[in-house]
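Just so we're aligned, residue 4 is where the sequence shown starts under this note's numbering, counting upward by one.
Ideal placement from N, C-alpha and C gives every residue a C-beta, glycine not left out.
Just so we're clear, the structure is a prediction, and the values are computed from it rather than from any experiment.
Scroll down for the structure; my scribbles are underneath it.
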Amino acid sequence: MDDILGTCFRIFYWMTGTSGILLNGLLLFLILLKTPSNLSNFSVVIANTVMIDFLKAIGFMLLQPRMLIFNLIFAYSSMGPIAAMGSTCSYVVLMIILSLIFYEFMSMPFGFIYRYHAMMNNQPTKKKMFSIIAITLTFTIAQFTSSILVMSEPQELVQLVSKHFHGINLTDCIIFGSNGNKEPLAVVTLIAICVTPFPAHIVCLYFRSKVLILQLIDLNRQI
């Protein structure tokens, strides 16, 4: 059964990874070479989102992680090509993926803020957009650095996983992750990723409502 599930996981990762790379690569091509001049500033926001998905697709396809999480033990195994490079490399790739997800959540309001700013004033310049992205990236880099510092010894995780999941076969498996019981920072970094969508959605809803109000005002003026 485990072999069947493993095969299904691999097929899923290869299919979604390949399609994600091709489709997002096509979008990047269209953004860079086919964007109308009047939307060139907004293309920075779109390209930022597409690049995140492009990198995530590559990461997931190479890593193909399976979660083995229990009692604040955040253990994972890799079924992808990156497993050949060992536990440390697999862990770094996973943290890059999680940091991209964290950055994606923080970037969610960009489009709404851009549209509101464009309706209130002129369109934000590319320089301003790149500055906002750079500031957001500093938080992402801090989150990534914190995650790297809490990596646990693979052998310790193998023992904990074997003890908890009775009968599990870990032969030739690449196990990596962190022990939240010993490293509270591991719990904090994961909570940060899980909590970020809530304030991000609130900001999106706020600026979306502001845009709708401005549209209603313009409509009333036309009437």
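Query	Result
For the region 132-214, which segments carrying the alpha helix (DSSP H) assignment without a break, of at least 4 residues, lie completely within its bounds, in sequence order?	157-167 and 187-198
Taking only three categories from DSSP, how would you classify L26?	helix
Between the C-alpha atoms of K59 and N223, what's the straight-line distance to the nearest angstrom?	44 Å
Just checking my contact of L71 with F168 at CB under 8 Å: how many whole Å lie between their CB atoms?	7 Å
Return the first residue and the last residue of the beta strand (DSSP E) that A78 is part of.	I76 to S81
Whole angstroms are fine: how far does the CA of T192 sit from the CA of V206?	21 Å
So the candidates are I100, V161, S165 and V48; which of them puts its Cα closest to the Cα of M111?	V48
S90: which of K129, V198 and I151 sits nearest, CA to CA?	I151
What is the DSSP secondary structure of M123, reduced to helix, strand or coil?	helix
Taking Cβ positions, are Y119 and L217 nearer each other than 9 Å?	yes
Excluding five sequence neighbours on each side, which residues of the same chain lie with their C-beta closer than 7 Å to the C-beta of G114?	V48
Alpha carbon to alpha carbon, what distance is there between Q225 and C197?	44 Å
Taking buried to mean at least 16 other C-beta atoms within 10 Å of its own C-beta, is P84 buried or exposed?	exposed
Helix or strand or just coil, what does DSSP make of P39?	coil
Once DSSP output is grouped into helix, strand and coil, what is the label at P84?	helix
Helix, strand or coil for L70? Go by DSSP, reduced to three states.	Per the sequence shown, the amino acid found at residue 70 is Met instead of Leu. Of the three classes helix, strand and coil, the one that applies to M70 here is strand, per DSSP.
Give me the residue from N125, A189, N172 and F210 with the minimum Cα distance to D6.	N172
DSSP three-state label for M111, please.	coil
Tell me whether the region 133-149 and the region 34-41 touch, counting them as touching only if at least three CB pairs, one residue from each stretch, are closer than 8 Å.	no
Nearest to N77 by alpha carbon, out of I116, M88 and L101?	Per the sequence shown, the amino acid found at residue 77 is Phe instead of Asn. Taking only the C-alpha atoms, the option nearest F77 is L101.
Leaving out the 5 sequence neighbours to the left and right, which residues in its chain are closer than 6 Å to S46 when beta-carbon positions are compared?	I34 and T38
Considering Cα atoms alone, identify which of A87, S212, S134 and L103 is closest to F231.	Not covered by the structure: residue 231. The range shown for the chain is 4 to 226.
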